[in-house]
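Per the working numbering, the sequence shown starts with residue 138, numbered consecutively.
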Amino acid sequence: MPGTKITPEDRKKIDKKFICTSCDMLLCTPMQTQCGHLMCFACLQTLLESSNPRCPTDGTVLEKEKVYTDAFTKRELNGLCLHCTNQGCPWHDTYEALKVSYGGKKEM
């Protein structure tokens with residue numbers, strides 16, 4: 138699945154490195170390319186399955202063997218405090234808590 142939708146308020150306060158270079162949403166299962174850019178696992182898979190897989194940021198040809206899960210960024214993401222995207226909902230907590238609230242069904 139592509140990234141996670143976040144509020145405009147949250148987008149302003151978090152580092153841009155946590156935004157997928159492909160879907161422009163909060164990273165979901167962050168993967169690092171050989172050129173150093175971060176993408177969601179699903180976004181990267183879609184690119185790698187295309188006939189001409191290239192990084193959307195710098196055009197580097199992407200190779201499946203040269204990308205990896207970015208565990209450090211995943212740990213950083215889990216600590217981000219986020220707000221619910223549903224208007225009027227008072228919920229706010231960590232990204233990790235958001236994953237739990239989805240009952241573990243949504244890979245983030």
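We treat Cβ as the ideally placed atom computed from N, Cα and C, and that holds for glycine.
Everything numeric in this text was worked out from a predicted model, so none of it was measured.
(message) Considering only the alpha carbon of each residue, which of 189, 216, 195 lies closest to residue 171?
(response) Mapped onto the sequence shown, residue 171 falls at position 34. Checking every option, the nearest Cα to that of residue 171 belongs to 195.
(message) Looking at the secondary structure, which residues open and close the alpha helix (DSSP H) in which residue 194 lies?
(response) If you number the sequence shown from 1, residue 194 lands on position 57. That residue, residue 194, is in no alpha helix (DSSP H); it is neither H nor E in DSSP.
(request) Quick one: grab the DSSP three-state call for residue 139. (result) Position 2 of the sequence shown, counting from 1, holds the residue named residue 139. Note: residue 139 maps to coil in three-state DSSP.
(message) Considering Cα atoms alone, identify which of 141, 147, 139, 208 is closest to residue 229.
(response) Position 92 of the sequence shown, counting from 1, holds the residue named residue 229. Of the candidates 141, 147, 139, 208, the one whose C-alpha sits nearest the C-alpha of residue 229 is 147.
(request) Leaving out five residues on either side along the sequence, give the residues of the same chain with a beta carbon under 7 Å from the beta carbon of residue 207. (result) On the sequence shown, position 70 is the one that residue 207 refers to. Within its own chain, the residues whose Cβ lies closer than 7 Å to the Cβ of residue 207, once the five positions on either side in sequence are excluded, are 167, 168, 169, 175, listed in chain order.
(request) Taking 8 Å as the cut-off, decide whether the C-beta atoms of residue 162 and residue 142 are in contact. (result) Locating residue 162 in the sequence shown gives position 25, where the first residue counts as 1. Locating residue 142 in the sequence shown gives position 5, where the first residue counts as 1. It is a contact, given that the beta carbons lie within the stated cut-off.
(request) Rounded to whole angstroms, what's the CA-CA distance from residue 184 to residue 202? Just pull it up for me. (result) Taking the sequence shown and counting its residues from 1, one reaches residue 184 at position 47. Taking the sequence shown and counting its residues from 1, one reaches residue 202 at position 65. Each residue's alpha carbon lies about 14 Å from the other.
(message) Pull the bridge partners of residue 163 from the DSSP assignment, please.
(response) Reading the sequence shown from its first residue, position 26 is the one you call residue 163. 141, 156, per the DSSP bridge assignment.
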